[in-house]
Structures are given as C-alpha cells and as structure tokens.
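Peer 1:
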Amino acid sequence: MLYNRPWPAAAPATQIRVRLPMTARKSASSAPRPASGKASGTRTAAGARVMQRLEDLAAITETPGSLMRRYLTPAHHKAMQQVEAWMREAGLSTRIDAVANVIGRLEGAKPDAPAILIGSHIDTVADAGKYDGNLGVVAGIEAAAALRGAGLRHAVEVIAFGDEEGVRFPSHLLSSRALTGAVKPSELETVDADGVSAREALMKLRLDPGGLRACRRKPKEIAAYLEVHIEQGPVLQAEGRPLAAVTAINGATRMRVGVTGVAGHAGTVPMKLRRDALAAAAGMVLAVETVGAEAGPDLVATVGRLEALPGAPNVIPGEVRFTVDVSSPSDTTRARAVKRIVAALKDIAAARRVKLATEIYYDAPAAAMDARVVEAVAAAIAATGHTPLHLASGAGHDAMAIAPHWPAAMMFVRCKDGISHHPDESITTSDADVAIRALVEAIRRLDAEL
Ligand SMILES: [Zn+2]
Numbered sequence: 003m004l005y006n007r008p009w010p011a012a013a014p015a016t017q018i019r020v021r022l023p024m025t026a027r028k029s030a031s032s033a034p035r036p037a038s039g040k041a042s043g044t045r046t047a048a049g050a051r052v053m054q055r056l057e058d059l060a061a062i063t064e065t066p067g068s069l070m071r072r073y074l075t076p077a078h079h080k081a082m083q084q085v086e087a088w089m090r091e092a093g094l095s096t097r098i099d100a101v102a103n104v105i106g107r108l109e110g111a112k113p114d115a116p117a118i119l120i121g122s123h124i125d126t127v128a129d130a131g132k133y134d135g136n137l138g139v140v141a142g143i144e145a146a147a148a149l150r151g152a153g154l155r156h157a158v159e160v161i162a163f164g165d166e167e168g169v170r171f172p173s174h175l176l177s178s179r180a181l182t183g184a185v186k187p188s189e190l191e192t193v194d195a196d197g198v199s200a201r202e203a204l205m206k207l208r209l210d211p212g213g214l215r216a217c218r219r220k221p222k223e224i225a226a227y228l229e230v231h232i233e234q235g236p237v238l239q240a241e242g243r244p245l246a247a248v249t250a251i252n253g254a255t256r257m258r259v260g261v262t263g264v265a266g267h268a269g270t271v272p273m274k275l276r277r278d279a280l281a282a283a284a285g286m287v288l289a290v291e292t293v294g295a296e297a298g299p300d301l302v303a304t305v306g307r308l309e310a311l312p313g314a315p316n317v318i319p320g321e322v323r324f325t326v327d328v329s330s331p332s333d334t335t336r337a338r339a340v341k342r343i344v345a346a347l348k349d350i351a352a353a354r355r356v357k358l359a360t361e362i363y364y365d366a367p368a369a370a371m372d373a374r375v376v377e378a379v380a381a382a383i384a385a386t387g388h389t390p391l392h393l394a395s396g397a398g399h400d401a402m403a404i405a406p407h408w409p410a411a412m413m414f415v416r417c418k419d420g421i422s423h424h425p426d427e428s429i430t431t432s433d434a435d436v437a438i439r440a441l442v443e444a445i446r447r448l449d450a451e452l
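In the numbering used here, the protein residues as written are 3 to 452.
#1: In whole angstroms, what is the alpha-carbon distance linking R277 and T292?
#2: Using only the alpha-carbon positions, how far apart do G168 and P272 sit?
#3: What first and last residue would you give for the alpha helix (DSSP H) that runs through M286?
#4: Measuring CB atoms only, is the stretch 86-96 touching the stretch 119-129, in the sense that at least three cross pairs come out at less than 8 Å?
#5: Specify the secondary structure class of A403 as computed by DSSP and reduced to three states.
#6: So, with DSSP's three-state summary, where would you put T304?
#7: For G2 and G164, I'd like the C-alpha separation in whole angstroms.
#8: Is R447 helix, strand or coil when you go by DSSP?
#9: Is S122 near ligand 1, with its Cβ less than 8 Å from a heavy atom?
#10: Of the residues S332, A370 and V259, which one's Cα is nearest the Cα of A346?
#11: Pull the bridge partners of D365 from the DSSP assignment, please.
#12: I need the straight-line Cα distance from L238 to E427, nearest angstrom please.
#13: Quick check: the Cα distance between L301 and T270, rounded to an integer number of angstroms?
#14: Rounded to the nearest angstrom, what separates K357 and E321 at their Cα positions?
#15: Assign A147 to one of three DSSP states: helix, strand, or coil.
#16: By alpha-carbon positions, which one of A100, I118 and T360 ends up nearest to M286?
#17: Please tell me whether L119 and V160 are closer than 9 Å, where the distance is taken between their beta carbons.
#18: Three-state secondary structure (DSSP) at E189?
#19: Any chance the CB of E427 is under 8 Å from a heavy atom of ligand 1?
#20: Could you check whether V317 and A265 sit closer than 9 Å to each other, using their CB atoms as the reference points?
#21: With a CB to CB cut of under 8 Å and the five nearest residues on each side skipped, what residues in its chain are close to L204?
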C-alpha cells in the first residue's frame with residue numbers, strides 16, 4: 003500500500019488506507035496473554051465453529067502459504083461462495099448484489115420487516131491475519147442461525163462486504179458505500195495495478211455492474227447496523243476484558259511535509275553556516291509528538307515516514323519529506339491539533355531558516371456511532387457477565403460508510419497483543435464465543451427497542 007510505493011505517493015488520497023496502530027505489530031513477548039473467558043465459558047461450541055470457519059476461510063487465498071484476498075479476485079469469489087453456503091446452511095435466503103456483497107436474510111415477523119444488518123468484510127490485505135473482517139461475517143452467520151425461530155419482529159441480514167481494505171482498486175469502502183447510493187458509476191472505471199477496471203472485474207465474476215443503483219437500500223429497509231471486529235489495538239487485552247462497545251470511528255488528517263534547507267559537503271561547511279533540513283525535521287517530528295501528547299487521550303499524532311535527501315553520509319541533507327497522521331474521535335480536537343502542528347512546524351522552519359511546505363492529502367471526519375445501538379451493544383456485553391469497555395476505533399471500518407445513513411455501532415473483540423494486518427493476528431475461542439453470545443443478545447435488544 004502507500005508505504006510500499008516510491009515516494010511521493012501519487013495515488014489518490016482514497017487509496018491510502020493506513021491503519022492507525024495503537025501498538026507495534028510485534029510487541030514484547032512479556033505482554034499478558036488474553037485471559038480465557040469465564041462466565042459460562044463451558045459453552046464454547048459456537049466459538050469453536052466460528053474459529054474453524056475462520057481457518058477454512060483463511061485457506062482461500064491468492065498467495066499459497068499466506069493470506070491475501072483482494073476484492074473481486076478468484077479467491078474473493080471462492081470466499082463469497084463459501085460464505086453464501088454457510089448462510090444457506092444457517093437457514094438464510096441469500097443473494098449477491100451487483101458489487102459482490104453476499105447478503106443472507108432471515109425474515110422477521112412480516113416479509114418486508116426492516117432488517118437489523120450484521121456486516122463486515124471478507125477482503126484482506128497482503129500477508130493478512132485470519133480475523134480482520136472475516137470474524138464479523140462468520141459471527142454474524144452464527145448469530146443469525148441462533149436466532150432462527152426466535153420470533154423476532156425485525157429481519158436479520160448478514161452481509162459480507164468485499165472492498166474494505168482498498169488494496170486492489172483506488173476505491174474506498176466501495177462495497178459498503180454501494181448500500182447508501184454513494185457510489186457513482188464512474189468509480190467502477192478505476193483500475194488496479196494491471197489496468198483491470200472494477201467494472202471488468204465484476205463482469206468476470208458474472209455480476210452486472212449496471213445493477214449498481216439497485217444495491218442501494220431504502221432508508222426504511224434497515225433498522226440498525228452492527229459490526230463485530232477485532233480491536234486491532236491493545237486496550238482490551240491491557241484491561242483484561244473480552245469485548246468493547248465502539249462509540250465512534252476516528253476521523254483522520256494526513257499531511258505531507260516538505261522541508262528545504264541547503265545541501266553541502268558534510269566535511270567542509272561549518273556548523274554555524276548550515277541550513278540542515280534533517281536537523282530541522284528532527285525538531286518537527288518531536289513537535290508532532292508533543293502536540294499529540296498534549297491534546298489528551300483521545301488524539302494520536304504520528305510521523306510514520308521520513309526521507310532525507312540526497313541521503314549520503316557525507317552530505318548535509320538539503321531536503322526532507324515526511325508524513326503526519328492525526329486521528330481522533332473528535333473533529334474539533336483533531337482540527338485544533340492539526341493547526342497547532344502546522345504552527346509549530348512554521349516556528350521551527352523560521353528559527354532554522356529552512357523552507358516549509360505542508361499539504362493535507364487526506365481528511366476524513368469522525369463517524370459517530372448511534373447512542374442507542376452503542377448502549378444495546380454495551381448492555382449485551384454486560385448480559386454475558388463481562389464489564390463492557392467503551393472505545394473509539396482508531397482504524398477505519400465499513401461501519402463508517404453506513405453510520406451516516408442508519409443507526410450503527412460496532413463491537414470490538416480482544417486480539418492478542420493488539421496485532422492486526424499480520425499473520426500473528428489472534429483471538430481466543432472463548433472470546434469468539436462470548437462475542438457471538440453478546441451479538442445475539444444485542445440483536446434481541448435492538449429487535450425489542452427499535
Ligand atoms: Zn477490517
């Protein structure tokens with residue numbers, strides 16, 4: 003993705019999907035392992051089945067030996083068919099829409115009853131883990147199966163989105179946005195690295211891109227949206243809890259910064275005559291960290307990439323380029339921090355007599371979750387005997403696309419050491435089991451309340 007490409011990343015901003023890790027991918031082996039689930043932990047059949055299905059899905063890959071399943075590839079198609087088969091087995095009627103979303107429906111009291119939609123994605127990054135996205139789909143099928151014959155007023159729909167990671171096409175949540183009517187036909191003309199357009203890739207799967215408009219769901223058709231997802235961060239593990247109710251998905255600002263000084267011979271230019279772009283940038287990196295730390299616990303600020311030019315041991319760096327990523331559940335807090343960072347960078351540039359250029363290339367508002375749905379999730383977690391944590395999501399999710407249109411919330415599941423987008427991604431069977439029980443309970447509560 004972005005950081006695999008040569009600088010500068012010329013791709014459209016929407017192609018850049020950088021997870022905002024709250025921890026390094028690899029962390030110290032001394033970190034505590036997730037506690038095994040207590041509270042009726044003996045009943046783990048559903049959890050075990052979900053874990054087995056996640057293993058089965060992980061075997062469906064473009065790259066034998068590691069997991070990569072990009073949107074509209076043969077591997078994605080095979081996973082769609084597997085998911086559809088499990089949906090049918092669970093008693094759901096199924097269909098695949100024009101953008102390759104697999105949708106399974108359990109009817110409610112009336113045939114046209116609005117649906118409680120349970121979704122996540124089955125596409126993955128390269129060298130991916132087994133749980134990101136896939137867990138939410140498989141858990142949704144398990145929950146729907148458990149609710150068969152429960153006499154719910156609402157329908158329950160499980161949906162497997164296909165384009166969450168944005169790895170293949172320069173699109174952004176194309177499959178979940180299709181439900182909201184936000185995808186323009188021209189977006190299907192975007193091409194992958196081989197020059198294949200999304201339209202062509204859909205047709206190769208025998209889907210009809212002309213059906214894009216029909217993917218749109220009427221406001222009345224959906225009562226609420228729920229997404230179960232691994233946390234992709236270390237907080238649940240640190241707090242010793244299996245599940246959290248997600249209150250918001252962070253907004254993010256990403257900026258490119260250029261610092262221009264004067265290159266010169268490292269052996270001949272005296273210190274007092276230098277305009278060293280890298281020394282200036284070093285101060286700027288620390289300023290970004292300081293603003294992030296002072297903005298409060300709800301904001302994170304990161305310099306994730308830095309390049310010094312010309313990059314020779316005996317040359318004073320004349321030019322430095324780096325990125326700044328700022329993320330927060332509060333748009334106001336984020337905007338204030340970005341302003342403070344730019345001001346701090348300007349001060350440093352002036353003091354060191356270097357030129358500064360800043361460019362915001364990505365700016366996405368936070369997505370608030372619906373308070374009622376969040377509380378249903380929290381109450382459902384509590385009903386399983388665990389204390390719910392409330393967390394904001396530092397990573398993007400399909401729920402971002404849905405939340406502006408329907409009441410939405412997410413449930414996070416503890417993952418080992420907060421690792422994600424990596425083969426070491428891991429959850430426990432008992433946590434999977436308690437997540438399914440909480441999901442079933444949340445659906446029951448929403449069915450009664452909405
Ligand atoms: Zn995901």
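From the three backbone atoms N, C-alpha and C, an ideal C-beta is built for every residue, glycine too.
Peer 2: According to the data block:
#1: Taking the sequence shown and counting its residues from 1, one reaches residue 277 at position 275. Taking the sequence shown and counting its residues from 1, one reaches residue 292 at position 290. Rounded to the nearest angstrom, the two C-alpha atoms are 23 Å apart.
#2: Along the sequence shown, one-based indexing puts residue 168 at 166. Along the sequence shown, one-based indexing puts residue 272 at 270. Those two C-alpha atoms are separated by around 48 Å.
#3: On the sequence shown, residue 286 is found 284 positions in, with the first residue counted as 1. From DSSP, the alpha helix (DSSP H) with M286 extends over A279 to E296.
#4: no
#5: Position 401 of the sequence shown, counting from 1, holds the residue named residue 403. Reduced to three states, the DSSP call for A403 is helix.
#6: Position 302 of the sequence shown, counted from the start, is the residue given in the question as residue 304. Looking at T304 - three-state DSSP - the assignment turns out to be strand.
#7: Any answer about residue 2 is impossible in this case: the structure gives the chain only from 3 up to 452.
#8: By 1-based counting over the sequence shown, the position of residue 447 is 445. Of the three classes helix, strand and coil, the one that applies to R447 here is helix, per DSSP.
#9: As a working note, residue 122 is residue 120 in the sequence shown. Flag set: Cβ of S122 near ligand 1.
#10: Numbered from its first residue, the sequence shown carries residue 346 at position 344. Comparing Cα positions, the closest option is V259.
#11: As a working note, residue 365 is residue 363 in the sequence shown. For D365, which the question treats as bridged, DSSP gives the partners T255.
#12: One-based indexing of the sequence shown puts residue 238 at position 236. One-based indexing of the sequence shown puts residue 427 at position 425. Whole-angstrom Cα-Cα distance: 15 Å.
#13: Here residue 301 corresponds to residue number 299 of the sequence shown, with the count starting at 1. Here residue 270 corresponds to residue number 268 of the sequence shown, with the count starting at 1. If I take the Cα positions, the gap works out to 43 Å.
#14: As a working mapping, residue 357 is identified with position 355 in the sequence shown. As a working mapping, residue 321 is identified with position 319 in the sequence shown. Cα to Cα, K357 sits roughly 9 Å from E321.
#15: In the sequence shown, the residue the question calls residue 147 occupies position 145. In this structure, A147 counts as helix in the three-state DSSP scheme.
#16: In the sequence shown, counting from the first residue as 1, residue 286 sits at position 284. Closest option to M286, Cα to Cα, is T360.
#17: On the sequence shown, position 117 is the one that residue 119 refers to. On the sequence shown, position 158 is the one that residue 160 refers to. Result yes, Cβ atoms of L119 and V160 sit closer than 9 Å.
#18: Looking up residue 189 in the sequence shown gives position 187. Three-state DSSP puts E189 in a helix.
#19: Taking the first residue of the sequence shown as position 1, residue 427 is located at position 425. No, ligand 1 has no heavy atom inside 8 Å of this Cβ.
#20: The sequence position of residue 265 within the sequence shown is 263, counting from 1. The sequence position of residue 317 within the sequence shown is 315, counting from 1. Yes, the pair counts as a contact, with Cβ atoms nearer than the cut-off.
#21: For the purposes of this step, residue 204 is taken as the residue at position 202 of the sequence shown. So the list reads L74, A100, V101, A102, L190, D210 and P211, once near-sequence residues are dropped.
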